[in-house]
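Here is the structure we will look at, set down as structure tokens.
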Amino acid sequence: MPPLPVAPLVSVIIPTWNGAHHLGPCLSALRAQSYQRFEIIVVDNGSHDGTLELLATRWPEVPVVALPSNHGFAGGVNAGLAVARGAVIALVNNDTAAEPEWLEQLVAALVREPGAAMAASKIKLWNDHGRLHAAGDFYTVGGRPGNRGVWEPDDGRFDEATWVFAPNAGAAAYRREVFDVVGGFDERFGSYCEDVDLGWRAQVAGFHCLYVPKAVIYHRVSATGGGVLASYYTGRNWLYVLAKNYPGSLLRRYWPAIVREQVRVTLDALRAWRGAAARARLRGQVVGLCTLPRLLLARREVLRHPEVSDDYLEQILLFN
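Just so you know, the sequence shown maps onto residues 2 to 321 in the numbering used here.
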């Protein structure tokens with residue numbers, strides 16, 4: 002990859018849907034960043050809570066892409082990418098607030114480390130600054146994505162920069178080349194696991210992700226999602242990620258682990274059958290299985306000309 006300039010222009014994209022009450026803290030924190038060579042693009046997914054009016058009144062300098070309906074996180078980011086001018090693309094959820102050096106730390110990591118095409122933040126809980134939500138993302142051989150350090154105390158174990166599978170897109174930075182090569186987020190995912198899918202495509206294309214522990218941001222977890230919706234899309238999209246991206250040689254080796262993981266999820270949902278979220282998870286699994294053929298053409302595109310070996314991909318997966 003060509004080196005980045007010392008102070009690249011960064012495009013910070015914020016997808017939002019009925020999140021007017023969150024945007025104030027998010028935008029105020031961005032205004033206070035120590036790194037100032039950036040543009041903000043808010044993408045509104047057809048909100049009906051006065052978001053556009055709020056932005057026009059309180060934040061008139063912020064460009065807004067107003068979509069007529071909700072295109073999910075994936076569609077929102079893609080609409081922002083279409084107008085973004087930066088050599089670095091930073092993504093933040095609307096229900097976050099960044100520390101003043103958050104963006105400076107992400108940019109410095111990408112400039113300093115030429116092998117890094119993606120940078121993951123240390124995401125901490127809004128209501129408990131001593132506990133983590135994510136320190137980069139992982140993916141297991143059994144097809145389970147997850148956040149490193151989720152719910153763990155921030156006690157020093159995640160204070161070292163390290164290579165990880167992918168960033169949590171709720172607070173992440175990417176070289177523009179990642180999107181130029183692998184494309185934007187897959188809008189078939191809607192929300193949830195769309196960043197895992199992008200992480201897979203980026204890794205297959207030879208782009209690596211660095212976790213940057215000094216890039217700290219706080220997140221109101223599930224403030225604009227979660228519950229039944231999250232359970233449904235997670236159940237479906239875990240299968241979509243597998244069908245679209247998991248290499249054939251690894252699939253033949255680890256299919257028992259994949260089956261065990263799906264059976265575990267199903268049994269957990271059945272035990273909690275009385276809960277709406279558990280039933281939604283089962284519906285997501287069923288829909289995912291029934292619609293997997295839609296992903297096969299995309300799978301051929303992702304895996305046709307990999308830039309890394311399957312041995313490398315196996316090495317970056319977790320075995321638990």
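All residues carry an ideal CB built from backbone N, CA and C; glycine is no exception.
Per the C-alpha coordinates, the member of 137, 99, 150 positioned closest to residue 127 is 99. DSSP, reduced to helix, strand and coil, places residue 234 within a helical segment of the structure shown.
The beta-bridge partner set that DSSP reports for residue 132 consists of 154. Each of 84, 176, 8, 269 was checked against the Cα of residue 90, and the nearest Cα belongs to 176. Counting only runs of 4 or more residues that sit fully inside the segment 180-229, the alpha helix (DSSP H) segments are 195-205, in chain order. Annotation: residue 6 to residue 220 spans about 30 angstroms, alpha carbon to alpha carbon. Measuring C-alpha to C-alpha distances from residue 75 to each of 284, 202, 273, 196 identifies 196 as the nearest. The alpha-carbon separation between residue 170 and residue 93 amounts to approximately 7 angstroms. Ranking 164, 258, 320, 263 by CA distance to the CA of residue 239 puts 263 first. Nearest neighbour of residue 152 by Cα position, chosen from 168, 164, 132, turns out to be 132. Residue 30 has its alpha-carbon roughly 12 angstroms from the corresponding atom of residue 37.
Taking C-beta atoms under 8 angstroms as the contact rule, residue 39 and residue 11 qualify, at a distance of about 4 angstroms. Residue 136 is positioned such that its CB atom lies no closer than 8 angstroms to that of residue 193. Around the CB of residue 296, 16 or more other CB atoms lie within 10 Å, so the residue is classed as buried.
Relative to residue 164, the option among 314, 8, 4, 13 whose CA is nearest is 314. For the pair residue 214 and residue 166, the CB atoms are not nearer than the 8 angstroms cut-off. Ranked by how close their Cα comes to the Cα of residue 50, the residues 22, 255, 268 have 22 in first place. Shown here for residue 156: not one same chain residue has a beta carbon closer than 6 angstroms to its own, the five before and five after excluded. Here the alpha carbon of residue 86 sits roughly 45 angstroms from the alpha carbon of residue 257.
Of the candidates 255, 35, 190, 206, 255 places its Cα closest to the Cα of residue 142.
Beta-carbon to beta-carbon, residue 285 and residue 232 are separated by about 7 angstroms, close enough to satisfy the 8 angstroms threshold.
Counting along the chain, the unbroken alpha helix (DSSP H) around residue 272 starts and ends at 249-272. Contact between residue 246 and residue 201 holds: CB atoms are separated by about 4 angstroms, below the 8 angstroms threshold. Residue environment analysis places residue 210 among the buried positions, since at least 16 neighbouring C-beta atoms fall within 10 angstroms of its C-beta. When rounded, the separation of the alpha-carbon atoms in residue 317 and residue 116 is 15 angstroms. Within the segment 9-33, the alpha helix (DSSP H) runs of at least 4 residues that lie entirely inside it are, in chain order, 21-32.
Of the residues 306, 228, 235, 321, the one whose Cα lies closest to the Cα of residue 276 is 228.
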